[in-house]
Each structure stands twice: as structure tokens, then as C-alpha cells.
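Protein chains in written order, with numbering that gives the first Met the number 0: chain A, 0 to 276; chain U, 0 to 233.
Beta carbons: idealized from backbone N, C-alpha and C, even for Gly.
Report on the structure given below.
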Amino acid sequence: MVTLVHSAQPVFGKRLAVLITAAYVSLAFASQGVAVAPPRLELVMQPGDMATREVAVFAHGVGPQTIEPSLVFWELGPDNQLIIFEKNVSSYPFSAANWIKVSHDPISLKPDAPVSVKFDVSLPSAHLKGSYWAAIAFSTRPQPSKYQGVSVLVNTRVLSVVYVTIQGTEKPASELQGISIETDESGKKFVIADVVNKGNVYLRLNGELRFVNAKGEIAKRVPLPERVLLRDGLVRYRLQVPADLPEDVVLAAIEIQPQGPAKSYGGPPLYGEVTMP
Amino acid sequence: MMKKAIKLLVLAGALLSVGAMAQYSKNTAFNFYFPQYAAIYTNVTQVDFFNPTNGTKGALSDNNVSGYYASSADGIVDCIDAATSLPSSYIVGGSGSSANLSCAFAPNAVTKDQGFSVSGYSNASSTADTDGELLIITNAGHYVTGVSVTGNISDATINVIPGYVDNSANVQDKNGTGAQNVTSASFTENDAYNTDYTFAKVIPLLFYASVNVLNTPEITSAESMTVTWTMTSP
């Protein structure tokens, strides 16, 4: 039932190693941390299917450390807050945690020595539709307290997200539920736009915010930060209006391209516009 | 001549193919063809707020080592007075009246190293301060962070700001997020400072405790809470 496997060995492809080495030069002072590759797996399966996958856990320049694997369920708040559920992880309507079997044995992680962690994903034969998800969490252990007093111990954890979508049942749908402009206390203006998921799969949202002038020309384009819209989820964009916007801009228009699981079709583009105050 | 050249090209192509297959075989033994990774590091493992001598509780007396005390004076004055035992730059706020006094204090000891090399963060000179940083590294397009807390500290709220204290003892907070109770703190990509590396971002951490000093908190010699910062690129 449980699949495991922590094998400490040099498993990196050269390209990945070079990328990571380049990015981590500044890590010399870090005192704890953990990394995972890949950070997400997008599986498309049928009920009753079983798959074995693996992820690499590693830490550059720090350690040795003990890493504790666990299964968690997670969601995203409208403002992109990561909300983690550590207990009863299988009890959530869209949780895939019960299908994922991974060893919870602690991992001894040495600096720059990736460890592979295998896990099984076994779908029940039950009637399932759309997307489900969970994550394998890899946590460092808090270091023993060095002071006698009141203290906060700081710990780090990285998630390898596992999405499971039931093949042939995908119904991607989303809706832009309004676009408006807000001004905060300091006078900064923000374009606010809400997107809700009306389908049964998670969506990856990308797109562009355009500012249009009185002649109908696009005066400025601002790429949207990528967001994930989970089932029953809401994504709220709060995009600051650029300070260098030309004065003749009269309209802000947002266009969003949803993408479905594993780069599949995510439904038609979403469009909305609002008059600039 | 042409035939020889063609033969050489074919041979070279064959050798390259064999080499590529060997490499492919080696890498597929462990699937590292995925190009993405995500990492979170921190250079602070413990933030210490109160270090009583001899294991005594945090008595509310003048110049207490904890850095706070109560008197009949108004709140902010108490907070400033309390700074006699702490560097003034550590005071990050104070409010209330003598009837409802609350002082806020940053740690008096932090386990930390020097900061990371960060661009856009250069105004944090050698005399500016943070309690540490989160270093987020991912090439997976975007990331999110969250926090989980276990344990609590009696009669105190632990707050965190994604910022640092500058040379003038002012808190600099890039996105204006301000202080959040650490139990529900949420940072976005806008809170992070860019670094010299495209995929690496830094979120400075400035902790402080808010204590209701009139509530006579029974701060014991060894109370702690664990804050787990989590990141992922969903």
C-alpha cells in the first residue's frame, strides 16, 4: 500500500543543475530550507487507474537537514493566499489526498544531494468528474531553541502539488464577474476584476490589462500575473494602474486566457472593460 | 570526396544519436526532464523576544529586561521609556492610554546571518535591520506563500511585517502590507523584493510582539511558537 523510496544519489540533469546553481549563488547565508522538483504534477487519468511518479527533494548549500514528508490539502484565497489543511486531508470535496500513497518516513537530506521520493496515485473506480488535487509537503524541522525565553521558531516547507483530472469529464468554464477601479487612501488607483470558476476543472489564467486612449489606441499593456483558479474558486485581480499612464487614457480593458489541466482547452477568453475615472 | 563527407556526416549523426539515447536513458531512470523547481529558504531559525534571567517570569517593573513595563504614564510614553533597555530602533509602535496600554517590541535577539544579495533592497544598509528573510526561488511562473502556526505565547500577539527597519528607525514595507498577526499572515508576490537572479525573490521579515502590559502577562521562561512558512508554485 505504501510506496516510498528515498534514494540519495546524484539524479540531476545537467541543465537543471546549472539553473539551480546559478540561481542559488546567494544562498551561502541561508540556514535552512528545502526545494522540490517539479513543484506540480498534472495527471489526467481514468477511474481505477494507477500511476507511479517521483519528485526530487533537495537543498542547496544548507544542511544536513531532516525533512518530513506529509500529505496536505490546500486552496487559494481570492487574493492568492495559500491556505493549507493538514488534518483530515481526505475530507474535502475536491481532495485527491486519499489516492496518493507516499512514505511519511523522515528524509535525511544533505546539501546538494537530491533525494528522489516515489509515490503512487491510485484512483478508485467510483464515478468521478473533473479535477481533484492535494500536495506532498516537505518540511524542515525547527531547530532546537537556543534561548531561554519567549521565541518564535521558524520553519520552512515546500509543496509538490498533485492535480488529478478525470479524463473525458472535463468541463472548463469561467466567468468574469465585474471589473471596477478603486482608489486607496494614498491615491493609488487599482483595477479590480473577479473571475469565478463555473466548471469542474482547475484553470490557469494569463492575460493582459490594456489601457486605451480616446482615439481607441492601446496606450499601455500590462501582462497579468499568472493565477490558478480552482474548482469553486474565485480569483481577484488587484492591479495597480501605472503611474506613467498617458492623460488621454479613457478605458481599462482586461482580457484573460484560461487554460485547462495539463495545457488543455480552458474555455473561451474572458473580456471586460471599465471607464477610467 | 563528396561520398566520404556524406559517410562522415552519417557516422557522426549515428554517434550523436547513440550519445543522445544514452543521455536520455540515463535521465529517464529518474525523470529529470521536467524543467521546473521551487524552493524556500530562510536565514532566520529563531526569533527571541524575551530572555529573562534566572528563569524568572516577566515581571512588570521598571527597566525590566523584557523591554516593557507599566507605569501611570500614557501608552506611547511608556513604550518610549521602555526603550531604555532596548535600541530605540526596535520600537515599532505603541498605542493606547494608561487604561489600555499596548506596547510593541521587536526581538532583542535574533539568530540570523547577514542578508542576501538583493537588488531593490539596497537602502537596507549595514545599520538597517530585519529579523531575517525568506528566499523564494522558482522558475515555475508564479508562486504563493502561506503560514501555519503551532503553539502560542500567553498574552502576546506575534506580528510580522514583510519589511525592515531603515537607518532612521522607520519600517520600510515595499507593498504597504503592514503588520499582520503571524497566525494568519499572507504575503503576495508584491511583497517580495527582486534579487540579482530572475527566479529568486526575497521577503524580509520583521517580527514584533504586541503585549498588553496591564494584563500582567505571565511570560514564562520558555514559551515558544513555531511558524512554518510554506511556498509552492501551483
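For residue 202/U, which residues of its own chain have a beta-carbon under 6 Å away from its beta-carbon, when the five flanking residues on both sides are left out? 133, 161, 186, 190 and 191
Among 221/A, 196/A, 207/A and 208/A, which residue has its Cα nearest to the Cα of residue 77/A? 196/A
Would you call the CB atoms of residue 63/A and residue 106/A closer than 8 Å? no
With 9 Å as the C-beta to C-beta threshold (strictly closer), list the residues of the region 215-232 of chain A near chain U in chain order. 224, 225, 226, 227 and 229
Run through the DSSP bridge pairs and tell me what residue 222/A is partnered with. 207/A
Can you tell which of 162/A, 157/A and 240/A has the C-alpha that lies nearest to the C-alpha of residue 33/A? 157/A
Quick check on residue 277/A: buried or exposed, where buried means 16 or more other Cβ atoms within 10 Å of its Cβ? Outside the displayed span of chain A (0 to 276) sits residue 277/A, for which this structure offers no information.
Helix, strand or coil: which one does DSSP assign to residue 182/U? helix
In chain order, which beta strand (DSSP E) runs of at least 3 residues are fully inside the region 77-150 of chain A? 81-84, 106-108, 114-121 and 130-139
Which same chain residues, not among the five before or five after residue 34/U, have their C-beta less than 8 Å away from its C-beta? 138
Assign residue 95/A to buried or exposed, taking buried as 16 or more other Cβ atoms, counted over all protein chains shown, within 10 Å of its Cβ. buried
Any idea if residue 177/A is buried or exposed, counting beta-carbon neighbours within 10 angstroms, 16 or more meaning buried? exposed
Along the chain, where does the beta strand (DSSP E) containing residue 68/A start, and where does it finish? 64-75
C-beta neighbour in chain A for residue 229/U, strict 8 Å: yes
Following the continuous beta strand (DSSP E) through residue 257/A, name the residue where it begins and the one where it ends. 248-258
Compare the beta carbon distance of residue 147/U and residue 197/U with 8 Å and say whether it is the shorter of the two. no
Quick check on residue 124/A: buried or exposed, where buried means 16 or more other Cβ atoms within 10 Å of its Cβ? exposed
Just to confirm, are residue 134/A and residue 231/U a CB contact at a threshold of 8 Å? yes
With respect to the beta strand (DSSP E) encompassing residue 193/A, which residues constitute its N-terminal and C-terminal limits? 188-196
Count the CB pairs spanning the region 111-120 of chain A and the region 46-56 of chain A that are closer than 8 Å, and state whether there are at least three. yes
Might you give, ordered along the chain, the residues of its own chain that have their beta carbon closer than 8 Å to the beta carbon of residue 47/A, omitting 5 neighbours on each side? 122, 123 and 124
Buried or exposed: residue 220/A, going by 16 or more other Cβ atoms within 10 Å of its Cβ? exposed
Could you tell me whether any Cβ in chain U is nearer than 8 Å to the Cβ of residue 268/A? no
Reference residue 264/A, options 222/A, 155/A and 167/A, closest by Cα: 167/A
Within its chain, find whatever has a CB closer than 6 Å to the CB of residue 152/A; leave out the 5 residues flanking it on each side and keep chain order. 141
Thinking residue 203/A and residue 227/A are a contact (beta carbons under 8 Å), I'd like their distance in whole angstroms, please. 6 Å
When 194/A, 81/A and 138/A are compared against residue 312/A, the one with the closest alpha-carbon: Absent from the model: residue 312/A. The displayed extent of chain A is 0 to 276, so no value can be given.
Report the option in 179/U, 153/U, 145/U and 136/U whose CA atom is closest to the CA atom of residue 222/U. 153/U
Buried or exposed for residue 37/U, going by 16 or more other Cβ atoms inside 10 Å? buried
Once DSSP output is grouped into helix, strand and coil, what is the label at residue 216/A? coil
Please report the residue range of the beta strand (DSSP E) in which residue 139/U lies. From DSSP, residue 139/U is part of no beta strand (DSSP E); its letter is neither H nor E.
Determine the contact status of residue 289/A and residue 39/U, defining contact as a CB-CB distance below 8 Å. Residue coverage of chain A in this structure runs from 0 to 276, which leaves residue 289/A outside it and unanswerable.
Residue 196/U in three-state terms, based on DSSP: coil
N- and C-terminal bounds of the beta strand (DSSP E) containing residue 275/A: No beta strand (DSSP E) holds residue 275/A; DSSP gives it neither H nor E.
DSSP three-state assignment for residue 151/U, whether helix, strand or coil: coil
Per DSSP, residue 236/A is paired with what? 192/A
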